[in-house]
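Peer 1: The structure under discussion is supplied below as structure tokens; questions concerning it will follow.
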Amino acid sequence: MFEVEVVIKNKAGLHTRPAAQLVKTAAKFKSDFFIYKDGYEINGKSIIGVMTLAAEQGAKLNLRFDGVDQKDAAKAVCELFDRGFDEA
Amino acid sequence: MTEDKIKSEIIMRGIPAAPGIAIGNIYLYTRDVPSAIERTLNPADIDSEIERLKKAIAKSEKELTKILSFAQAKIGESKSKIFEAQIMILRDQFLIDSLVKRIRSELRNAEFIVNNEISKYEKMMLMAQDDYMHERAHDVDDLKNRIIRNMQSTKLISKFESAAILVSHNLTPADTMIFSRNAVLGYATDKGGITSHAAILSRALKIPAVLGLGDISRRISPGDSLILDGYSGNVIINPSSEQLLKYQIKKERYTQFESNLAQFKSLPAKTLDGRKVELATNIEFEEELEYMLLQGGDGIGLYRTESLLFASDQIPSEEKQYKKYKLFADRVFPNLVIIRTFDIGGDKIAPQTIEEANPFLGWRGIRIFLDRPEILLEQLRAILRASSRKNIAVMFPMVTTVEEVIKAKEYIEIAKAELRSKKIKFDRDIQVGVMIEVPSAAVTADTIAKEVDFLSIGTNDLTQYLLAVDRGNDIISDLYQEFHPSVIHTIRHIIKAGHKEKKWVGMCGELAGNPLATVLLVGLGLDEFSVVPSVLPEIKKIIRSVSYSQAQRLASEVLRLRTTEEVRSYLRHYIEKRFSDILLENNNE
Chain S
1 MFEVEVVIKN KAGLHTRPAA QLVKTAAKFK SDFFIYKDGY EINGKSIIGV
51 MTLAAEQGAK LNLRFDGVDQ KDAAKAVCEL FDRGFDEA
Chain W
89 MTEDKIKSEI IMRGIPAAPG IAIGNIYLYT RDVPSAIERT LNPADIDSEI
139 ERLKKAIAKS EKELTKILSF AQAKIGESKS KIFEAQIMIL RDQFLIDSLV
189 KRIRSELRNA EFIVNNEISK YEKMMLMAQD DYMHERAHDV DDLKNRIIRN
239 MQSTKLISKF ESAAILVSHN LTPADTMIFS RNAVLGYATD KGGITSHAAI
289 LSRALKIPAV LGLGDISRRI SPGDSLILDG YSGNVIINPS SEQLLKYQIK
339 KERYTQFESN LAQFKSLPAK TLDGRKVELA TNIEFEEELE YMLLQGGDGI
389 GLYRTESLLF ASDQIPSEEK QYKKYKLFAD RVFPNLVIIR TFDIGGDKIA
439 PQTIEEANPF LGWRGIRIFL DRPEILLEQL RAILRASSRK NIAVMFPMVT
489 TVEEVIKAKE YIEIAKAELR SKKIKFDRDI QVGVMIEVPS AAVTADTIAK
539 EVDFLSIGTN DLTQYLLAVD RGNDIISDLY QEFHPSVIHT IRHIIKAGHK
589 EKKWVGMCGE LAGNPLATVL LVGLGLDEFS VVPSVLPEIK KIIRSVSYSQ
639 AQRLASEVLR LRTTEEVRSY LRHYIEKRFS DILLENNNE
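Chains as they are written, first to last, in this note's numbering: chain S, 1 to 88; chain W, 89 to 677.
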């Protein structure tokens, strides 16, 4: 198991487009991927789940990866957050 | 219809969500929410039940893909994103797996499981204090019903034969798109507001819409005719022949206006002899910006920030407010946005419910803030942070004494000092103004003017307080007279007081947008008009066709008149003689 904390950088928060990008990236890996925020947990591979997070710019999320490729999955997902989902 | 019953005219008022006028017969669209009654499954039927679910999902995806490509072609990529999101959810493997798993383990029918499972997500989205998330919840609800409907293979009828105005309880984004393929003339619904997807899409589709009418879908019957005014929000069921004629003229006039708007919108609001007045608009929601720019507004004379409170009962965070104010300022740059601090209390949202015998004379506007400075300071910081391009002004509502103005200015200084210590940029010379809408403030306008950069006359409340007439009270509504000589004299007094202190004076009440009053107000020396975007072209047209000296002469004539009726008929006569194409509104509007 591998855990990491990220902060949402992009202005509009984790709205539909970045949510989709996140789910697509996570789906490339075998590991399970969960996101914790404000006391509840959602499956990071589910678009409808990620959409319910209502995560705005500046929000902190705890990510948990569990599986054979957990390190690679974490790296790919964290990069996405770092780049602010390629939004200005 | 064989029998020729005389149907009585009913006038209703809703939220003007997309501009335009529609006249025609109604088409009542009833969309039943499909039932998802719980059934226990025979273990032998599990596989076929799952098959039924998967087929329904596939069918829903096919339908939405069709709507998506139609929407992309008609209104462009970015506004079609709503449908892309719905399609992505249909492909959510995690969601599908949990639906299948639940059908297997709980032995319950697919409709029930779909309804139960997706409703959980909806509830979570509705818990968020965010407009955007609430809209998403509505989209998810629509999606859920689509899957269930496709399992039951009940067909939605979304076609009608001849051109008609669609009336329904509510409209989903998909409904709005699909009906636009038929000859839909306009949309009228019980539910929905200016920020709903139905409103956004109908503006993009250029289909007039009035939403939030309450119970129109129950008040109409087949064969009824309808007038829908997407500018004012009025809807008239079974209009009389006079109404019909009036709106046909109005419709034609708007069509003409729109067609020569392109050349018109870049022209300044300037009198024949060169006096330039600012022609700005009153705005409440982000979605109105586009229309306001199209109408050729100089800037925003009144941004009603209360719209930020509609989404939830809470005051939004400083960050959220800042983002909204910045967006408005950027869109109208280099023109000015006058941000009015939350005008709550009276008939509007209050931070907490307090029973007051006379709420209009009670705890409202600036009075609330001076008692709750933490709310005021947060809003002032957000406004200041958004002001770094120097095109924002701040305005306080419901001022009654100069002490309130001095106190409010102290809070601005506190907010500035806080930002300075954090090295956050803002406009050090931000303009500060107040609304003059209470008689005590009007009478002492000279004292107040010394303290501020501008005054803005709020005629709606000013008239109510001057005449001691509750404008929401139907029994005495005929006593509410915006052309009462006392109102005109008070306006003159305020403008003079402001000018004596070399401060500019604007008006953001309804009188500013009444074509009857335009020449009079120019003549009284008003520097800025802030009006609803829809009337902007005709107000500009009137301003551009008189000279300032002519207007001054008219004003001095009007100041001699003794009654409301004399003032009205004088102005009506003047306008009718010069602008035959301007249709003056009836008193009942």
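Positions of the beta carbon are idealized from the N, C-alpha and C atoms, including for glycine.
Would you call serine 284 of chain W buried or exposed, if buried means 16 or more other Cβ atoms sit within 10 Å of its Cβ?
Peer 2: Classification of serine 284 of chain W: buried, given that the 10 Å Cβ count is 16 or more.
Peer 1: Look at the alpha carbon of threonine 578 of chain W and the alpha carbon of leucine 612 of chain W, and state the distance between them as a whole number of angstroms.
Peer 2: Their Cα atoms are separated by approximately 11 Å.
Peer 1: Using only the alpha-carbon positions, how far apart do glutamate 653 of chain W and leucine 550 of chain W sit?
Peer 2: Taking the straight line from one Cα to the other gives about 19 Å.
Peer 1: Between which residues of its own chain and tyrosine 499 of chain W is the CB-CB distance below 7 Å, once the five residues before and five after are set aside?
Peer 2: Only Pro461, Leu464, Leu465 and Leu468 meet the Cβ criterion.
Peer 1: Does DSSP put alanine 251 of chain W in a helix, a strand or coil?
Peer 2: Of the three classes helix, strand and coil, the one that applies to alanine 251 of chain W here is coil, per DSSP.
Peer 1: So, helix, strand or coil for tyrosine 410 of chain W, using DSSP?
Peer 2: Of the three classes helix, strand and coil, the one that applies to tyrosine 410 of chain W here is helix, per DSSP.
Peer 1: Span of the alpha helix (DSSP H) holding glycine 49 of chain S?
Peer 2: That run of the alpha helix (DSSP H) goes 47-51.
Peer 1: Report the rounded CA-to-CA distance for methionine 89 of chain W versus aspartate 312 of chain W, giving the unit in angstroms.
Peer 2: Its pLDDT being 43, under 50, methionine 89 of chain W is placed unreliably in this model, and the value from its coordinates should be taken loosely. Cα to Cα, the separation comes out at about 10 Å.
Peer 1: With DSSP collapsed to three states, give me the class of arginine 632 of chain W.
Peer 2: Three-state DSSP puts arginine 632 of chain W in a helix.
Peer 1: Could you compute how far the alpha carbon of aspartate 303 of chain W sits from the alpha carbon of histidine 257 of chain W?
Peer 2: Rounded to the nearest angstrom, the two C-alpha atoms are 8 Å apart.
Peer 1: Helix, strand or coil for glycine 44 of chain S, going by three-state DSSP, please let me know.
Peer 2: Three-state DSSP puts glycine 44 of chain S in coil, outside helix and strand.
Peer 1: Tell me, which residues are paired with tyrosine 275 of chain W by DSSP?
Peer 2: Partner(s): W:Leu254 and W:Ala297.
Peer 1: What are the complete beta strand (DSSP E) segments, minimum 3 residues, inside the stretch 489-528 of chain W?
Peer 2: You should have 519-524.
Peer 1: Judging by CA-CA distance, which residue of W:Tyr319, W:Leu141 and W:Asp180 is the nearest neighbour of alanine 27 of chain S?
Peer 2: Among W:Tyr319, W:Leu141 and W:Asp180, the Cα nearest to that of alanine 27 of chain S belongs to W:Asp180.
Peer 1: Strictly below 8 Å CB to CB, what residues from chain S border leucine 396 of chain W?
Peer 2: Under the 8 Å cutoff, chain S gives no residues; its nearest Cβ is about 15 Å from leucine 396 of chain W.
Peer 1: Cβ atoms of alanine 110 of chain W and leucine 299 of chain W: under 8 Å apart, would you say?
Peer 2: No, these two residues do not count as a Cβ contact at 8 Å.
Peer 1: Contact criterion: CB-CB distance below 8 Å. Does methionine 1 of chain S meet it with respect to chain W?
Peer 2: Output row for methionine 1 of chain S: interface = no.
Peer 1: Name the one or two DSSP bridge partners that alanine 210 of chain W has.
Peer 2: For the record, residue 210 of chain W in the displayed sequence is glutamate; it is not alanine. According to DSSP, which records beta bridges pairwise, glutamate 210 of chain W is partnered with nothing at all.
Peer 1: I'd like to know if the stretch 66-82 of chain S and the stretch 18-37 of chain S are in contact, where contact means that at least 3 CB-CB pairs between them fall below 8 Å.
Peer 2: Touching, per the Cβ criterion.
Peer 1: Rounded C-beta distance between isoleucine 175 of chain W and isoleucine 47 of chain S? I'm assuming under 8 Å.
Peer 2: That belief does not hold up - the Cβ atoms of isoleucine 175 of chain W and isoleucine 47 of chain S are roughly 10 Å apart, past 8 Å.
Peer 1: Could you tell me the alpha carbon to alpha carbon distance between glutamate 340 of chain W and lysine 334 of chain W, rounded to whole angstroms?
Peer 2: Their backbone Cα atoms lie some 10 Å apart in a straight line.
Peer 1: Taking the alpha-carbon positions, what's the isoleucine 471 of chain W to lysine 9 of chain S distance?
Peer 2: Each residue's alpha carbon lies about 22 Å from the other.
Peer 1: Would you please verify whether the beta carbon of lysine 89 of chain S is less than 8 Å from any beta carbon of chain W?
Peer 2: Lying outside 1 to 88, the shown extent of chain S, residue 89 of chain S is not represented and no answer is given.
Peer 1: For the alpha helix (DSSP H) containing aspartate 72 of chain S, list its first residue and its last residue.
Peer 2: Element bounds for aspartate 72 of chain S: 70-82.
Peer 1: Residue range of the beta strand (DSSP E) that phenylalanine 34 of chain S falls in?
Peer 2: It spans 32-37 - the beta strand (DSSP E) in which phenylalanine 34 of chain S sits, taken as one unbroken run.
Peer 1: Quickly, what does DSSP pair alanine 106 of chain W with across the bridge? List them, please.
Peer 2: Note: alanine 106 of chain W sits in a beta bridge opposite W:Ala297.
Peer 1: To the nearest angstrom, report how far apart tyrosine 410 of chain W and isoleucine 524 of chain W are at their CA atoms.
Peer 2: Their backbone Cα atoms lie some 26 Å apart in a straight line.
Peer 1: May I ask you to list, following chain order, the residues of the stretch 129-142 of chain W that have a beta carbon less than 9 Å from some beta carbon of chain S?
Peer 2: Listed in sequence order: no entries.
Peer 1: Ignore the nearest five residues each way along the sequence and tell me which others in alanine 585 of chain W's own chain have a CB closer than 6 Å to its CB.
Peer 2: Within the same chain, alanine 585 of chain W has close Cβ partners Ala533, Asp534 and Ala537.
Peer 1: Going by DSSP, name the residue or residues bridged to alanine 643 of chain W.
Peer 2: In DSSP, alanine 643 of chain W forms no bridge with anything.
Peer 1: For proline 107 of chain W, I'd like the list of residues in its chain whose CB is within less than 7 Å of its CB, leaving aside the five on either flank, ordered along the chain.
Peer 2: The residues are Pro296, Gly318, Tyr319, Tyr379 and Ser622.
Peer 1: Note down, in chain order, every chain W residue with its Cβ under 7 Å from the Cβ of glycine 49 of chain S.
Peer 2: Under the 7 Å cutoff, chain W gives Phe182.
Peer 1: Can you list, in chain order, the residues of its chain whose CB lies under 7 Å from that of leucine 649 of chain W, leaving out five sequence neighbours each side?
Peer 2: Around leucine 649 of chain W: Pro573, Val655 and Tyr658.
Peer 1: Starting from the C-beta of isoleucine 201 of chain W, find all residues in its chain whose C-beta is less than 6 Å away, skip the five residues before and the five after it, and write them out in chain order.
Peer 2: Counting only Cβ-Cβ distances below 6 Å, and skipping sequence neighbours, we find Leu187, Arg190 and Ile191.
Peer 1: Strictly by DSSP, which residues pair up with phenylalanine 448 of chain W?
Peer 2: The partner list for phenylalanine 448 of chain W (beta bridge, DSSP) is empty, contrary to what the question assumes.
Peer 1: If we define contact as Cβ-Cβ less than 8 Å, is arginine 291 of chain W a contact residue for chain S?
Peer 2: By this cut-off, arginine 291 of chain W is not an interface position.
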